[in-house]
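Data first, discussion second: the structure below is written as structure tokens.
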Amino acid sequence: MSINTSRRGFIKGAGFFAALTGAAGGVVSARAVPSGSASNAGAWIDADVVVSGGGPAGVCAAVSAARMGAKTVLVERFGCLGGNLTLGHVSPILGKVSPGTMADEVRRLLNERHLGAQKVMTRNGPEEHIDHEEAKGILAKLCADAGVSVLLCASVVDAVMDGNRVVGLVVDTPKGLRRISAKAFVDATGDGRVAASAGAEFKIGRDADGATQPSSLEFVVDGVDERVGITAWGGTDPVKLPSGEEYRALCKRMNAAGELPENVTIVRLHRTFYPGERSVNATQVNGVDALDPAAIGKADAELRRQIDMCVAFLRKHVPGYENCRVKSTADTLGVRETRRVMGDAMVVDGDLLEGRKYADAVVHDAWFLIDIHNPKGGGQAEGHSHPAKPYDIRYGAFLPKGVEGLLTAGRCISGTHRAHASYRVMTPCMAMGEAVGVAAALAAKSGRTPREVAAGEVRSELVKRGVFLG
Ligand SMILES: Cc1cc2nc3c(=O)[nH]c(=O)nc-3n(C[C@H](O)[C@H](O)[C@H](O)COP(=O)(O)OP(=O)(O)OC[C@H]3O[C@@H](n4cnc5c(N)ncnc54)[C@H](O)[C@@H]3O)c2cc1C
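Mapping of the sequence shown onto our numbering: residues 59 to 528, in sequence order.
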């Protein structure tokens with residue numbers, strides 16, 4: 059077996075870093091991170107399936123594989139599970155897929171203690187709230203009940219290769235670098251970190267200029283007077299203030315007056331399970347390279363300044379919010395878009411616009427608007443979001459081209475920039491995770507690579523579980 063050590067490439071300098079983070083819109087294929095000495099060490103853990111990234115996609119992938127009887131390890135760099143669903147403070151859960159997937163199960167678990175909670179109806183359906191603190195425990199229990207071994211505070215730093223096949227991962231742990239071996243791997247890191255390390259081809263941003271959707275820090279306020287405090291799902295919500303002015307018009311006016319940050323033209327106010335609370339999605343920085351720690355640090359400082367500004371705006375201008383205060387903020391930068399790992403198939407714009415169905419689909423009737431937060435200013439990139447018809451995601455979209463032993467799930471799968479703006483929301487990501495978990499387990503159990511597993515086999519297993527695939 060040849061072990062791919064890329065430390066030499068890693069220290070080559072600026073040119074290498076440019077390749078790593080992606081030239082404007084271009085196709086990039088680079089061994090991106092160093093393997094370190096751990097790649098040569100004996101395996102610390104030997105599993106059937108290893109899932110990298112414990113966000114909505116990764117948790118569902120791991121639980122799904124474990125339920126197939128695979129010895130499954132889930133590797134997460136932070137100290138709890140959930141990704142954007144917990145640490146990112148993202149709420150509500152958006153998007154749809156066909157009935158019977160793990161997305162339904164996770165939503166049910168998140169709602170279990172709040173059956174009487176008031177739900178806001180939007181043009182996207184009822185808002186599904188998340189209690190970010192409760193969710194941490196719910197996801198941990200879901201994994202434990204399924205028999206998933208969860209590694210926290212463990213960052214994947216490299217893929218160990220045998221030719222073009224991923225056979226292991228180098229993981230940075232508090233005890234140092236360790237190697238994990240498995241029969242099949244899932245990259246659910248959002249950033250396509252494992253795939254990039256394995257040399258897979260990826261794209262970042264728009265084809266024309268490589269620009270990506272902005273990053274944000276979400277936060278929760280409490281102290282809202284429910285007798286008058288509005289909710290607002292976005293720039294298309296016509297909700298009015300007691301004065302009769304539309305709230306979205308007020309936001310635009312205050313943005314122009316400099317009382318809201320430069321690119322913030324709407325302060326979204328989502329209800330939570332708890333009266334007097336709102337989940338706020340507003341802050342925005344453009345042009346952040348969300349794969350660069352220095353850029354992330356700079357963005358974090360700017361976004362925390364923006365949180366203060368948004369709260370001052372709410373207190374001064376929005377009735378019912380006079381005494382609101384920040385209850386909690388995201389623990390990590392909210393990253394909408396980084397690598398999209400190119401696969402055997404791709405989710406393309408036409409799939410969404412025409413609602414295409416495929417015989418080799420493993421996610422059926424995925425749906426959300428084409429919601430491209432403007433990379434170059436405020437609001438939407440194309441003036442407004444565009445409708446999409448429920449579409450299928452083919453198995454090949456999860457198989458990185460030219461790399462064996464690896465599947466992707468979640469926001470890093472193979473798709474166009476515009477398609478990504480739809481399938482990146484949490485409901486489709488969870489369904490992707492479930493499907494890919496089944497595929498990884500089937501591969502591991504039968505000694506095949508994920509590519510050798512037929513979409514039909516994955517579909518049969520999903521249907522047995524009660525997933526509707528058309
Ligand atoms: C500001 C913002 C607002 C959004 N609003 C909504 C919304 O209202 N509703 C909605 O449904 N969706 C929303 N989204 C989109 C949605 O939250 C994400 O696209 C979705 O969470 C993607 O799921 P994922 O599992 O692919 O990735 P993530 O949720 O990003 O999870 C990836 C996980 O991988 C881990 N990881 C990364 N690298 C490594 C590594 N090297 N080693 C180990 N672990 C690693 C991360 O720590 C994280 O836990 C929003 C996104 C953002 C940023």
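Built from N, CA and C at the ideal position, the CB exists for glycine as well.
Neighbourhood of residue i by C-beta, 6 Å cutoff - its chain only, sequence neighbours within 5 removed
| i | result |
| --- | --- |
| E510 | none |
| A81 | Only weak support exists for where A81 lies, its pLDDT of 33 falling under 50; the value from the coordinates is given anyway. If we look at A81 and ignore the five residues flanking it on each side, it has no Cβ neighbours. |
| S386 | V278 |
| G158 | G524, V525, F526 |
| T247 | S110, G111 |
| G134 | According to the sequence shown, residue 134 is Glu rather than Gly. Within the same chain, E134 has close Cβ partners G112, L210. |
| G141 | G113 |
| E519 | V496 |
| T79 | The pLDDT assigned to T79 is 32, lower than 50, so where the model puts this residue is not dependable, and the model offers no usable value. |
Close beta carbons around residue i, own chain, < 7 Å, minus the five adjacent residues each side
| i | result |
| --- | --- |
| R517 | V420, L527 |
| A120 | V109, T130, L132, C201, V206, G495 |
| K522 | none |
| G334 | D280, G281, V282, E284 |
| E515 | L500 |
| G437 | G293, T323 |
Check whether residue i and residue j have beta carbons under 8 Å apart
| i | j | result |
| --- | --- | --- |
| R329 | H444 | no |
| M224 | V461 | Position check: residue 224 holds Val in this sequence, whereas Met was assumed. Yes, they are a contact pair. |
| V393 | T474 | no |
| V338 | V286 | no |
| P272 | H147 | no |
| P300 | P377 | yes |
| L457 | A498 | no |
| Y12 | D409 | What the structure shows of the chain is the stretch from 59 to 528, and residue 12 is not part of that stretch, so it cannot be assessed. |
| M179 | A489 | no |
| D263 | G491 | Inspection of the sequence shows that residue 263 is occupied by Gly rather than by Asp. Against a cut-off of 8 Å, the Cβ pair of G491 and G263 comes out as no contact. |
| T294 | P433 | no |
| L152 | V483 | yes |
| A128 | A513 | no |
| A315 | V107 | no |
| K177 | E185 | yes |
| G454 | D423 | no |
| T341 | L275 | yes |
Residue i: first and last residue of the uninterrupted alpha helix (DSSP H) it sits in
| i | result |
| --- | --- |
| G195 | 190–204 |
| D162 | 160–169 |
| S480 | 475–481 |
| D358 | 351–375 |
| L520 | 513–523 |
| R306 | 305–314 |
| L411 | 407–412 |
| A123 | 114–125 |
| L500 | 484–504 |
Delimiting residues of the beta strand (DSSP E) encompassing residue i
| i | result |
| --- | --- |
| Y449 | 449–452 |
| F260 | 259–262 |
| A240 | 234–245 |
| D280 | 277–280 |
| R383 | 383–387 |
| T130 | 130–133 |
| V107 | 103–110 |
| R251 | Not the beta strand (DSSP E): R251 falls in the alpha helix (DSSP H), residues 251–255. |
| A424 | 419–424 |
| R336 | 336–339 |
| T231 | 223–231 |
Reference residue i; option with closest CA among the options
| i | options | result |
| --- | --- | --- |
| R530 | K503, A439, D245, A455 | With the chain covering only 59 through 528, there is no way to say anything about residue 530. |
| V369 | L327, H442, G436, G141 | L327 |
| R362 | A388, E134, D350 | A388 |
| E192 | Y416, S480, A403, F331 | F331 |
| V214 | N222, R482, G183, R251 | R251 |
| I428 | A417, D418, L411 | L411 |
| D249 | Q176, L520, K261 | K261 |
| N182 | E259, C470, T485, E360 | T485 |
| T289 | R336, P319, A266, K310 | R336 |
| L143 | L197, D162, H422 | L197 |
| A101 | V229, K447, N169 | V229 |
| A493 | I103, G137, P150, S156 | S156 |
| D245 | A253, M219, G174 | A253 |
| H190 | A212, L145, Q342 | L145 |
| D104 | A240, D203, G221 | A240 |
| K154 | C487, R397, S122, S504 | C487 |
| D203 | G437, A123, E303 | A123 |
Sequence-distant residues of the same chain with beta carbon closer than 8 Å to residue i, five excluded per side
| i | result |
| --- | --- |
| G592 | For the chain, the structure presents residues 59 to 528; residue 592 sits outside this window and is missing. |
| H375 | L308, M312, E317 |
| A446 | L410, L411, G413, W425, F426, L427, I428, S480 |
Residue-chain proximity (residue i, chain D), Cβ-Cβ < 8 Å
| i | result |
| --- | --- |
| R482 | As a matter of chain content, chain D is missing from the structure shown, which is built from one protein chain. |
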